[in-house]
Amino acid sequence: MTLTLPAELIAVPHFIGYRLVERTEGGQAKTIKLPCDPWTGSAASASDPETWSDYATACRAVKERGWAGLGFVFAEDDPFTGIDLDKSIEAGALLPWAQSIVDRFPTYWEVSPSGTGVHGWLKAVLPPGRRRTGHIEMYDRGRFFTLTGERLPEAPGHIADGQAEIERLHAELFPLPAAPKPAPTQTWASLPLSDRELLEKARSAANGAKFITLYDRGDCTAYPSRSEADLALVGDLAFWCGPDAARIDRLFRQSALMREKWEERRGAMTYGERTIEAALTGKTEFYTPPTLAKVTISPGKNGNGKLPQSSANQEVQDLESDSTCSSCSSCASSDEGLVESPWDLIPMRDVVPVEQDPICPQFVAWGEITLVVAPPGSGKTTLALALAWSFSEGDEFLGKRLPKLGRTLWLDYDQDKGQLKQKCLDFYGDAPSEMYVMRDAVRLTDDEKLSEYITYLKDNEIDLVIADTLQQWLMINDMDNAAQVGNAMERLRRLCKKTNVAILGIGHPSKGRELDDVNSVANSYMFSARADVVASLKSDKECPEATLRIIKNRNGTGNWWQTYLKRDGRFDPRPDEDDARHKSLKEQILHLIQKQGGFMERQDIFAGLTDRHSERALQYQLKFLCEQGRLLKETAGGYADGRPFRKTYYCLPGFQDFCTSCISSAPKEVQEVQEVQEVQSSPATALLNEGEEPERTIIIK
3 MTLTLPAELI AVPHFIGYRL VERTEGGQAK TIKLPCDPWT GSAASASDPE TWSDYATACR
63 AVKERGWAGL GFVFAEDDPF TGIDLDKSIE AGALLPWAQS IVDRFPTYWE VSPSGTGVHG
123 WLKAVLPPGR RRTGHIEMYD RGRFFTLTGE RLPEAPGHIA DGQAEIERLH AELFPLPAAP
183 KPAPTQTWAS LPLSDRELLE KARSAANGAK FITLYDRGDC TAYPSRSEAD LALVGDLAFW
243 CGPDAARIDR LFRQSALMRE KWEERRGAMT YGERTIEAAL TGKTEFYTPP TLAKVTISPG
303 KNGNGKLPQS SANQEVQDLE SDSTCSSCSS CASSDEGLVE SPWDLIPMRD VVPVEQDPIC
363 PQFVAWGEIT LVVAPPGSGK TTLALALAWS FSEGDEFLGK RLPKLGRTLW LDYDQDKGQL
423 KQKCLDFYGD APSEMYVMRD AVRLTDDEKL SEYITYLKDN EIDLVIADTL QQWLMINDMD
483 NAAQVGNAME RLRRLCKKTN VAILGIGHPS KGRELDDVNS VANSYMFSAR ADVVASLKSD
543 KECPEATLRI IKNRNGTGNW WQTYLKRDGR FDPRPDEDDA RHKSLKEQIL HLIQKQGGFM
603 ERQDIFAGLT DRHSERALQY QLKFLCEQGR LLKETAGGYA DGRPFRKTYY CLPGFQDFCT
663 SCISSAPKEV QEVQEVQEVQ SSPATALLNE GEEPERTIII K
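The sequence shown begins at 3 in the working numbering and counts up one residue at a time.
This is the structure in structure tokens:
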């Protein structure tokens, strides 16, 4: 196996290996590439530089461990951006659309491992916004590209500067929403009423209760989103103020709905200006005191002074979107299967049977809805976060190790995004690399939003959706209204089946009811009937234990329960254990190192504690202890049996001299390598030549 890569790429130590793993998704086999750490052979992460290595080390690991190939991780500290043109080669030739992109970037391009696509490298930073459309993807951080060294014949062997051209391509692929058209021509006489008098009239009108709810209380629960509540209030103010944009703006700023977003600039206009213009466009009816002249509005496109309904809907959707347009013709795709006749006659013999494809047995599966109900403070958000982490990073969840499975969309209506991020840092030291949140979580309220969500989840390749809480996502205001609950849950089931995503919904139980009956747990029979799995979570705040009870499982047996230890974001099945398990993770680390004589290698610490904590959590707490001065860090590296290695030691204060002397008196192969010089015919190619070991001169300190 021979690789010929640009020297600029080889100089950056962002290399990993990868192996191929078969996974079943939606009943179909799928091959995924799992990144691997060249140093340890364990899973690598695009967000963890500790799991990357230099080119030489990664090449040896690929050869010796028999991995499928080599990969390069894009990060903030390297100058590169990668372009992936998937399914761009047919019959050994680039398709015209791909050839036009390759021609625009005279830089290093190579064929992908599948032979059906190409990867290109540039020296550039991507503009903010989307990263994927159709068969085109581009990344400059948080992802890795596989490497083959099979350069396109017409491509140069170096990586060129492509900043200006990548900005032009990005603008073409992801255009900003068009600025709204100017409002119709209006003439209006100023109202002889003060702001206070005008607001009192609005409060005392027939629809005054609605106005008070929005203006005085800032209550948006009757609307799918904050943006639509803003638009509704601005529409009411427009009626009372007339087409006086300055006065509408002034009064809105005094309302309970006022927020920083009002000042955010969207192109040539702010969000507030766009909202006011959307409310005034096509509006012909305004409050007119008896002494004032009537308003005159020039007709709109349909001749009656009003915009078509589709245009109005487009405005609302534009206000919901910050950097992407989910409804324009170039982005949206119709889902024809959404409109199906209930009268279709299908022979039962032609029906394709569906077997459960579990992510976590008895709990979460592809294309199914899991409902977890628990009172406040019991750990349901922590449980959902543990699933998101394991789903994204590959880790243990409920005692089962999950591979890296895909992307998670977290819809949170109970807490701020910053609070959720802090929990990630406390538990894992970082946020899951494939977990995402919406700027303003859109609610699933009707069939129109269902169609938008289907397109959104498919376009963004979302595999798991976590809703906290499910009632708020579905806008269920009355759990006793069987029709409302049933319709909302049926929409959710259609979303689940159309996209094959797994959905974990968090809910609250009925007051005063035990969490051992499916109807009591789910608050409503219609709520539980549409879910595939219904579970309850019981936890005592004074004890780090939680009991998860599966009350209903459509695809398996119900009435299953297990007690877990709830510590540092993990839910581990509780075995017989000593009191040390109940100590904090920091105390466990310090206690373990002290028992081993004051210093330990990092891998030994992991081996001693990963049965109950993730490596990421341990790594974060070790870093925190070093920053506090409660631990000191020493490193050593070298070659053993012809293979490179690197070791990290942690020691208690006062033991550093003893630790250093032990390392320096160790055999030659475990001492620190001060300089390694490779002597070979070609640094880029000789390392992976099978059966050929390059000569090396090693100078050891």
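A virtual CB, placed ideally from N, CA and C, is assigned to each residue, including glycine.
Quick test of your reading: residue i and residue j, contact by CB under 8 Å. State the CB separation rounded to the nearest angstrom.
i    : j    : result
A619 : L587 : 6 Å
L389 : F399 : 6 Å
P405 : L72  : No, P405 and L72 are not in contact; Cβ-Cβ is about 20 Å, not under 8 Å.
K500 : I456 : 5 Å
W242 : A204 : 5 Å
S394 : P434 : 4 Å
R403 : Y438 : That pair is no contact at about 23 Å.
I552 : Q364 : 6 Å
E603 : K635 : In fact, because the Cβ distance is near 11 Å, the residues do not count as touching under 8 Å.
R21  : A70  : 5 Å
What did DSSP end up calling residue i once you bin it into helix, strand or coil?
i    : result
D728 : Because the chain in this structure spans residues 3 to 703, residue 728 falls outside the shown range and cannot be described.
N1   : For residue 1 there is no data in the structure shown, the boundaries of the chain being 3 and 703.
T565 : strand
L404 : coil
N691 : Its pLDDT being 43, under 50, N691 is placed unreliably by the model, and nothing is read from it.
T223 : coil
S102 : helix
V487 : helix
V678 : Here the model assigns V678 a pLDDT of 38, short of 50, so the residue's position is not dependable, and the following value carries that caveat. In the structure shown, V678 sits in a strand (DSSP, three-state: E or B).
L497 : helix
M477 : coil
R205 : helix
S55  : strand
F146 : strand
L154 : coil
V14  : coil
P8   : coil
R532 : coil
V374 : strand
I591 : helix
R25  : strand
H172 : helix
V127 : coil
Are the beta-carbon atoms belonging to residue i and residue j less than 8 Å from one another?
i    : j    : result
L476 : A490 : yes
S90  : H137 : yes
L124 : A162 : yes
L216 : L195 : no
I508 : V467 : no
I18  : A46  : yes
G369 : N502 : yes
S227 : G144 : no
W111 : R153 : yes
I250 : I278 : yes
L201 : P245 : no
L633 : L654 : yes
F146 : F74  : yes
R106 : E174 : no
L594 : L611 : yes
L387 : C426 : yes
L233 : L253 : no
Q621 : G396 : no
Starting from residue i and walking both ways along the alpha helix (DSSP H), at which residues does that stretch end?
i    : result
F393 : 382 to 395
Q623 : 617 to 629
T215 : 210 to 217
G71  : Per DSSP, G71 belongs to no alpha helix (DSSP H); it is in the beta strand (DSSP E), 71 to 76.
T457 : 449 to 461
K425 : 419 to 430
R604 : 604 to 611
Is residue i a contact residue of the ligand SAH, with contact defined as CB to any heavy atom under 7 Å?
i    : result
D218 : You won't find the ligand SAH in this model; it holds no ligand whatsoever.
Starting from residue i and walking both ways along the beta strand (DSSP E), at which residues does that stretch end?
i    : result
M140 : 138 to 141
Q30  : 30 to 38
I468 : 464 to 470
K540 : 535 to 541
I361 : 360 to 362
L506 : 504 to 509
I85  : 82 to 87
- Query: Residue ranges of each alpha helix (DSSP H) run of no fewer than 4 residues wholly in the stretch 226 to 259, ordered along the chain?
  - Reply: 228 to 243, 247 to 255
- Residue ranges of each alpha helix (DSSP H) within the stretch 261 to 295, 4 or longer: 273 to 282
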